[in-house]
Structure formats: C-alpha cells, structure tokens
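> Numbering (my numbering), first residue to last: 150 to 510.
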Amino acid sequence: MKEQLNTRGVVFDGPGRPARIEELVLDPPQRDEVQVRMAAAGVCHSDLHVVDGEWERPAGVVLGHEGSAWVESVGEGVEDLAPGDLVVLAWTAPCSRCNACERQQPWLCATPDGSGHRLAPELVRLRRPSGEPIGVYSGIGTFGEHQVVARSAAIKVDPRTPPEIAALIGCAVTTGIGAVRNTAGVRAGESVVVIGLGGVGLSAIMGAAAAGANPITAIDTSSAKLELARQAGAHRTLLADEADQATGADHVLECIGLVQTVELAIELTRPGGAITLVGMTPQGQRASFDVYRLVEEGKQIRGSNYGSAVPARDFPMIATEYLEGRLPLDLLITERIGLDQVDDAFEAMRRGDGARRVIVY
Ligand SMILES: NC(=O)c1ccc[n+]([C@@H]2O[C@H](COP(=O)([O-])OP(=O)(O)OC[C@H]3O[C@@H](n4cnc5c(N)ncnc54)[C@H](O)[C@@H]3O)[C@@H](O)[C@H]2O)c1
Ligand SMILES: [Zn+2]
Ligand SMILES: [Zn+2]
Numbered sequence: 150m151k152e153q154l155n156t157r158g159v160v161f162d163g164p165g166r167p168a169r170i171e172e173l174v175l176d177p178p179q180r181d182e183v184q185v186r187m188a189a190a191g192v193c194h195s196d197l198h199v200v201d202g203e204w205e206r207p208a209g210v211v212l213g214h215e216g217s218a219w220v221e222s223v224g225e226g227v228e229d230l231a232p233g234d235l236v237v238l239a240w241t242a243p244c245s246r247c248n249a250c251e252r253q254q255p256w257l258c259a260t261p262d263g264s265g266h267r268l269a270p271e272l273v274r275l276r277r278p279s280g281e282p283i284g285v286y287s288g289i290g291t292f293g294e295h296q297v298v299a300r301s302a303a304i305k306v307d308p309r310t311p312p313e314i315a316a317l318i319g320c321a322v323t324t325g326i327g328a329v330r331n332t333a334g335v336r337a338g339e340s341v342v343v344i345g346l347g348g349v350g351l352s353a354i355m356g357a358a359a360a361g362a363n364p365i366t367a368i369d370t371s372s373a374k375l376e377l378a379r380q381a382g383a384h385r386t387l388l389a390d391e392a393d394q395a396t397g398a399d400h401v402l403e404c405i406g407l408v409q410t411v412e413l414a415i416e417l418t419r420p421g422g423a424i425t426l427v428g429m430t431p432q433g434q435r436a437s438f439d440v441y442r443l444v445e446e447g448k449q450i451r452g453s454n455y456g457s458a459v460p461a462r463d464f465p466m467i468a469t470e471y472l473e474g475r476l477p478l479d480l481l482i483t484e485r486i487g488l489d490q491v492d493d494a495f496e497a498m499r500r501g502d503g504a505r506r507v508i509v510y
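(1) Is T430 near ligand 3 - that is, is its Cβ less than 7 Å away from at least one heavy atom of it?
(2) According to DSSP, simplified to helix, strand and coil, what is H384?
(3) Taking 7 Å as the line, does the beta carbon of S457 fall inside it for any heavy atom of ligand 1?
(4) Does ligand 2 have even one heavy atom less than 7 Å from the beta-carbon of A504?
(5) Pull up the distance between the alpha-carbon of I304 and that of P465, whole angstroms please.
(6) Quick one: residues in its chain with C-beta nearer than 7 Å to the C-beta of E215, no 5 flanking neighbours on either side, listed in chain order?
(7) What did DSSP end up calling M150 once you bin it into helix, strand or coil?
(8) Between L257 and the rest of its own chain, which residues show a CB-CB distance below 8 Å, the 5 nearest in sequence each way excluded?
(9) Is the beta carbon of L351 less than 8 Å from the beta carbon of L387?
(10) Return the chain-ordered list of same chain residues with a C-beta closer than 7 Å to the C-beta of R419, the five sequence neighbours on each side being excluded.
(11) Between the alpha carbons of I467 and L235, how many angstroms are there, rounded?
(12) Closest to P178 by C-alpha separation, out of H384, R505, R506, H295, would be which residue?
(13) Whose C-alpha, out of T156, G165, V160, F161, is nearest the C-alpha of D176?
(14) Mind pulling the alpha helix (DSSP H) runs of 4 or more residues that sit fully within the region 161-246?
(15) Is it the case that the region 336-345 contacts the region 203-214, given that we only count it when at least three CB pairs across the two stretches are under 8 Å?
(16) How should Q253 be labelled, buried or exposed, when 16 other C-beta atoms within 10 angstroms of its C-beta is the threshold for buried?
(17) For a quick check, are the C-beta atoms of P312 and S245 less than 8 Å apart?
(18) List in chain order the residues whose CB is within less than 5 Å of at least one heavy atom of ligand 3.
(19) CB-CB under 6 Å to D196, same chain, minus the five flanking residues each way: which ones, in chain order?
(20) Distance, Cα to Cα, G265 vs F161?
(21) Quick one, which of R500, D493, E445 has its alpha-carbon nearest R169's?
(22) Quick one: what's got a C-beta closer than 8 Å to A504's C-beta in the same chain, skipping five residues either side?
(23) So within the region 259-347, which uninterrupted alpha helix (DSSP H) runs reach at least 4 residues, ignoring any that extend past its ends?
(24) Using 7 Å as the cut-off, classify the Cβ of S195 as near or not near the heavy atoms of ligand 2, replying yes or no.
(25) Considering just the uninterrupted stretch of the alpha helix (DSSP H) at L472, what are its terminal residues?
(26) Checking 8 Å against the spacing of the C-beta atoms, do L476 and M355 come in under that value?
(27) Give me whichever residues DSSP pairs with R485 in a beta bridge.
(28) Does at least one heavy atom of ligand 1 sit under 7 Å from the Cβ of T324?
(29) Which of helix, strand or coil does DSSP assign to T370?
(30) What is the rounded straight-line gap between the Cα of Q184 and the Cα of V220?
(31) Within 10 Å of its beta-carbon, does P278 have 16 or more other beta-carbons around it, so buried, or fewer, so exposed?
(32) Contact check, A239 vs P460 under 8 Å by CB: the rounded distance?
(33) Around the C-beta of M150, are 16 or more other C-beta atoms found within 10 angstroms, so that it is buried, or is it exposed?
(34) Quick one: is G428 buried, meaning 16 or more other Cβ sit within 10 Å of its Cβ, or exposed?
(35) Going by C-alpha to C-alpha distance, which of L407, A357, G382 sits closest to T370?
(36) Following a CB-centred definition, is S372 positioned closer than 7 Å to any heavy atom of ligand 1?
As structure tokens, then:
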C-alpha cells in the first residue's frame, strides 16, 4: 500500500520574504509519475531570480530545479525505473506529443508534464498539513526532501555518479556544456569567450575545452572565478574591465543575464561569428545593438534554453564523461550545505561568491 508521506521543503512565499523550511505532506505517485527521495540539489541563479522578484512566480512553491534523487516508488505504467535507481531530474519534462517535441527540441516543449509550478488541483501531490496545495518549481522542486515528478523528468544515470555531481548535471552543467555543443556548435580550433563564471559559465568553459576550442577566454568581475576558469580549461582570463582585449572571437557566450554584458558579447564577436545568450535577465528587459553593423558584419545571435539539450540523451552522456575523467565537474562544488542554509547560499550568490553550493540530503 502506498501512503501519504511526511516531508519538508524550502517554500518560496513571495519576493523579498525569506524562503523557509516547511513541514509538508506528499501523496503517492499516480500513472506515469515517480516518487523520489532527493539526494542532492544545487542552488542556481534561476532560483535567486525568483526569490529576488526578478521573475514572477506564484508564492507557495517549493524552490529548486537542479537535483539528483533516488527512486522510491513508481506509478502505474512506469516500467523503466525501479526503486533505488539514481536519477537526474530535468526541469522540463517533455510531453513528446507537441510540435517542438516532434522536432526533437524538448527544451521548447509547449505542454511539458508537471512544470506549471502550480499544478491543476487533480495533479497536486504536495500539500501543507492543512491540506492547502503547494506548488513545485519547474515540476521538480529539488529543495524538497521528497517529490513526485513526471516520469519523463527522471533520467537514470550511472549509479557510480556522485549525487552532488549528478545534481549539477540537472541544470548548470547541461546548460553550459549544451550551449557550447548543441546551441553554438563550437568546433576544435575555434576561439570562445565566456562572460560570467558561475556554475553555468564554468560548465561552458569545460564544454569548450572538451570540444578543443582555442583559445578559450574567461571573463568575470571576481578574480577567484578566474582561477576556477583556468582549472576548468580557460587559456586566458580577464577581469570585466579588461574585456575589450577579447575582441574578435568566433563565439561569445553570455552566462550572467545582464543587459550590459549581452551588449558586450555582441561587440566582442568577430564579423561572421556567433553570440549565444545563456544568462537570463529580469523579465521584460531589452538589450540593443547597432543593426547596421550587426547585419553588415553578419553576426548571429542565438538564445540557448537548457543548453538545447535532450535530457534523456545528454544527462547519461555527461555523467559518463565525468566518470571517465573527461570533465572536471568537481571544481564546481564550492560548499556542501544543509537545507537550512539555502538563504545563506542565496546571499553568497548575490555577492558573486563561489561557483555552486549544493544541498546534500
Ligand atoms: N538558459 C538557460 O536555460 C539557463 C539555465 C540555467 C541558468 N540560466 C541563467 O544563467 C545565468 C547564470 O546562472 P549561474 O547560476 O551560473 O549564476 P551565478 O550567479 O552563479 O554566476 C554569475 C557570474 O557572473 C559574474 N558577474 C556578475 N556581474 C558581472 C559583470 N558585470 N561582468 C562579468 N561577470 C559578472 C559573477 O561574479 C558570477 O561569477 C542566470 O541568469 C541564470 O538564470 C539560464
Ligand atoms: Zn538552473
Ligand atoms: Zn512537448
């Protein structure tokens, strides 16, 4: 008999309010759903955008969208996952029926399973003890000790993958590496500039190094980040006020989400080169560029959502590359923290301090 489970999670209660741990109740998984026990969860700037009110999301949502977990039980119809499996959780669970899914672009899925943050009443599995429904950020809410997620959001990886590393594959790593490989299509010998060296930007550096890009230039305001970038494979590092030295790159990736550095990325790209925008600004912001010059110089600007990745293909592949020693993902982990330290992690991220803080359950 599957029963309700008492659990806990960090709940967003509106911008400007501290995210607090709450006692919650979880219903068992239904058809095509999976109940998981969280193993580890990374704190990503896309959580902070919500907490800081830069992205509008409903209050009463368990935060976190980067995580790994163990399968606890499966609903009807789930045959390829079993209790005990280590899974990386994907923040889009593609429906596999819409036009984008049919084009093999699951990151653009129009009707993803379970990612409405606030699900329809018949889809809510998580509640406050009072019975009030609680939302689940991106359908996975990895700052919760347990969740019920869509079957297509739980991707099995090699069980030897350390849970903290597996967690980061769920967002930062796949976003950064995928932006280089899938969106930009960087090839060996091309020059790459990465602006912003958080979990996403450092992963982009690793992706560029694995692709044989040369030279790879890393830019940030923090010299500690520049040191990490060198370990990740950057050949040259620049503080933000020296960025003009990086002019003329084949590819520039913006991994912060600031209008100023989006415009800088366009300037630093050579004629005929490509700008890949990964960082996301507060909603509604606009950047500008000289249209005449952009057209004359034949530059291309692309947005990269989730590294244009197919989670079911890319997550296991990246985990294998890590296990074979081909991606130094360990250097992304600045600190292992408990669920009660999420607010401190947000504060550190506001200061640009550290790559990733990872909750270990
Ligand atoms: N496109 C996607 O699918 C996707 C997925 C995940 C995250 N994101 C976005 O990517 C961005 C980065 O996420 P993160 O978790 O790595 O963030 P982060 O806060 O850890 O990293 C940002 C980095 O930018 C640096 N920085 C800040 N201002 C700068 C400036 N003016 N010049 C140079 N460097 C500067 C900081 O020092 C820090 O190292 C966020 O906007 C996040 O929302 C997008
Ligand atoms: Zn993220
Ligand atoms: Zn779809």
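Don't be surprised by glycine CBs; every beta carbon is placed ideally from N, CA and C.
So, from the data block:
(1) Not one heavy atom of ligand 3 sits closer than 7 Å to the Cβ of T430.
(2) DSSP places H384 in coil when its eight states are reduced to three.
(3) Not under cutoff, so the answer is no.
(4) Checking the Cβ of A504 against ligand 2 gives no.
(5) When rounded, the distance between both Cα atoms is 8 Å.
(6) A190, G191, C193, T291, A316, L317, G319, C320, A321, listed in sequence order.
(7) Because M150 carries a pLDDT of 46, less than 50, the predicted location of this residue cannot be relied on, and the following value inherits that uncertainty. M150: coil per DSSP, three-state reduction.
(8) So the list reads A249, N454, once near-sequence residues are dropped.
(9) In this structure, L387 does not lie closer than 8 Å to L351 by Cβ.
(10) Taking C-beta separations shorter than 7 Å and ignoring five residues to either side along the sequence, the partners of R419 in its chain run G397, A398, D399, following chain order.
(11) In a straight line, the C-alpha of I467 is about 15 Å away from that of L235.
(12) The closest CA to that of P178, considering only H384, R505, R506, H295, is found on H295.
(13) Taking each of T156, G165, V160, F161 in turn and checking the Cα distance to D176, the smallest one comes out for T156.
(14) Qualifying alpha helix (DSSP H) stretches, in chain order: 194-200.
(15) No, because fewer than three Cβ pairs between the region 203-214 and the region 336-345 fall closer than 8 Å, the two stretches do not touch.
(16) Exposure of Q253 is indicated by the presence of fewer than 16 other C-beta atoms within 10 angstroms of its C-beta.
(17) No, the Cβ-Cβ distance between P312 and S245 is not below 8 Å.
(18) Result: P243, C244, C247, C250, C258.
(19) A distance below 6 Å between beta-carbons, with the five flanking residues on each side excluded, links D196 to the following residues of its chain, in chain order: L212.
(20) Taking the straight line joining both Cα atoms gives about 15 Å.
(21) Cα-wise, what sits closest to R169 is D493.
(22) Answer for A504: L346, G347, G348, L351, K374, L377, L480, L481, I482, T483, listed in chain order.
(23) If we require 4 residues or more, the alpha helix (DSSP H) runs fully inside the region 259-347 come out as 312-318, 321-327.
(24) For ligand 2, at least one heavy atom lies less than 7 Å from the Cβ of S195.
(25) Residues 460-472.
(26) Yes. Within cutoff.
(27) R485 is bridged to V507.
(28) Within the cutoff, so yes.
(29) Correct three-state label for T370: coil.
(30) Their Cα atoms are separated by approximately 6 Å.
(31) So P278 ends up on the exposed side.
(32) With a Cβ gap of about 4 Å, A239 and P460 count as contacting.
(33) Annotation note: pLDDT 46 at M150 (below 50); position unreliable, no value reported.
(34) Buried, since its Cβ has 16 or more Cβ neighbours within 10 Å.
(35) Per the Cα distances, L407.
(36) Result no, Cβ not under 7 Å from ligand 1.
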